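Undergrad: In full-length UniProt numbering, the protein residues as written are 1 to 192.
Just so it is clear, CB atoms sit at the ideal spot from N, CA and C, and this is done for glycine as well.
Values in this document were obtained by computation on a predicted structure and should not be read as measured data.
Here it is, the structure in full.
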């Protein structure tokens with residue numbers, strides 16, 4: 001590797017490391033104290049993608065890559081809250097997408113051509129739900145938030161209702177196995 005390549009990689013890893021500090025805005029809006037970071041969310045999502053891809057006979061490596069890269073642009077663009085109804089969002093979906101695409105471009109400039117191409121392809125595959133694995137990770141992204149919401153509810157760590165997270169996931173979960181997990185989680189929530 002050349003010195004420039006090394007410096008670019010260092011910059012890339014420093015930049016994506018900011019995800020460890022980027023708190024998820026949806027939790028902040030609901031008064032959660034010390035909310036999870038984007039990196040915290042992505043870590044559990046990655047494990048969920050690996051496990052469910054295997055369980056559903058999908059490509060585990062592809063699902064894992066999609067989960068790992070899905071929020072990388074937020075290291076530059078920041079986390080943006082999406083809502084069940086777009087008109088309630090501070091930033092419309094198309095603006096969020098533009099910000100994240102620009103950030104993705106900046107990240108790709110820090111990588112060699114092959115890695116940049118792979119990162120870009122995986123991110124667009126996820127965003128556009130182009131494969132079974134991308135659709136799975138998209139749904140798991142919603143289901144992971146349910147696990148987190150339940151943790152915050154058990155701790156009493158919120159000031160505003162977290163119901164919107166449940167409604168958002170309920171409207172987007174289509175895979176029967178994920179719906180089954182969601183249903184079980186909702187039953188446990190009601191029993192508490």
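Identify which residue in 45, 62 and 15 has its Cα closest to the Cα of residue 118.
TA: Position 118 of the chain shown, counted from the start, is the residue given in the question as residue 118. Of the listed residues, the one whose Cα sits closest to residue 118 is 62.
Undergrad: How should residue 21 be labelled, buried or exposed, when 16 other C-beta atoms within 10 angstroms of its C-beta is the threshold for buried?
TA: Working through the chain shown from its first residue, we reach residue 21 at position 21. Exposed is the call here.
Undergrad: What would DSSP say about residue 8, mapped onto helix, strand or coil?
TA: Residue mapping note: residue 8 aligns to position 8 of the chain shown, counting from 1. Note: residue 8 maps to helix in three-state DSSP.
Undergrad: Excluding sequence positions up to five away, which residues of its chain have a Cβ less than 7 Å from the Cβ of residue 30?
TA: By one-based count along the chain shown, residue 30 stands at place 30. For residue 30, where only same-chain residues beyond five positions count, the Cβ hits under 7 Å are 158, 159, 160 and 162.
Undergrad: I think residue 257 touches residue 132, with their Cβ atoms under 8 Å apart; what is that distance to the nearest whole Å?
TA: Look at the range of the chain in this structure, 1 to 192, and you will see that residue 257 is not part of it.
Undergrad: If you follow the alpha helix (DSSP H) that residue 26 is part of, which residue opens it and which one closes it?
TA: Stepping through the chain shown from its first residue, residue 26 is reached at position 26. 25 to 29 is the span of the alpha helix (DSSP H), which, as asked, contains residue 26.
Undergrad: When you compare only the Cα positions, how much space is there between residue 179 and residue 1?
TA: Start at 1 with the first residue of the chain shown, and residue 179 comes out as number 179. Start at 1 with the first residue of the chain shown, and residue 1 comes out as number 1. Cα to Cα, residue 179 sits roughly 47 Å from residue 1.
Undergrad: Three or more beta-carbon pairs under 8 Å between the region 38 to 57 and the region 108 to 117, yes or no?
TA: no
Undergrad: Enumerated in chain order, which unbroken segments of the alpha helix (DSSP H) with a length of 4 residues or greater are wholly contained in the UniProt domain "HD" (38 to 146)?
TA: 38 to 55, 60 to 69, 74 to 77, 93 to 109 and 113 to 127
Undergrad: Look at the alpha carbon of residue 194 and the alpha carbon of residue 12, and state the distance between them as a whole number of angstroms.
TA: There is simply no residue 194 to check, as the chain begins at 1 and stops at 192 in what is shown.
Undergrad: Looking at the structure shown, is residue 180 part of a helix, part of a strand, or coil, going by DSSP?
TA: Here the question's residue 180 lines up with position 180 in the chain shown. Helix.
Undergrad: Let's see if you can read the secondary structure: which residues bound the alpha helix (DSSP H) around residue 163?
TA: Position 163 of the chain shown, counted from the first residue, corresponds to residue 163. Segment 163 to 172, the alpha helix (DSSP H) holding residue 163.
Undergrad: Does DSSP put residue 156 in a helix, a strand or coil?
TA: For the purposes of this step, residue 156 is identified with residue 156 of the chain shown, where counting begins at 1. It is coil, neither helix nor strand.
Undergrad: Am I right that residue 185 and residue 150 are in contact with their C-beta atoms under 8 Å? What's the rounded C-beta distance?
TA: Here residue 185 refers to the residue found at position 185 of the chain shown. Here residue 150 refers to the residue found at position 150 of the chain shown. Right, their Cβ atoms sit about 6 Å apart.
Undergrad: Quick check: the Cα distance between residue 137 and residue 5, rounded to an integer number of angstroms?
TA: The sequence position of residue 137 within the chain shown is 137, counting from 1. The sequence position of residue 5 within the chain shown is 5, counting from 1. Using only the alpha carbons, I get a separation of about 31 Å.
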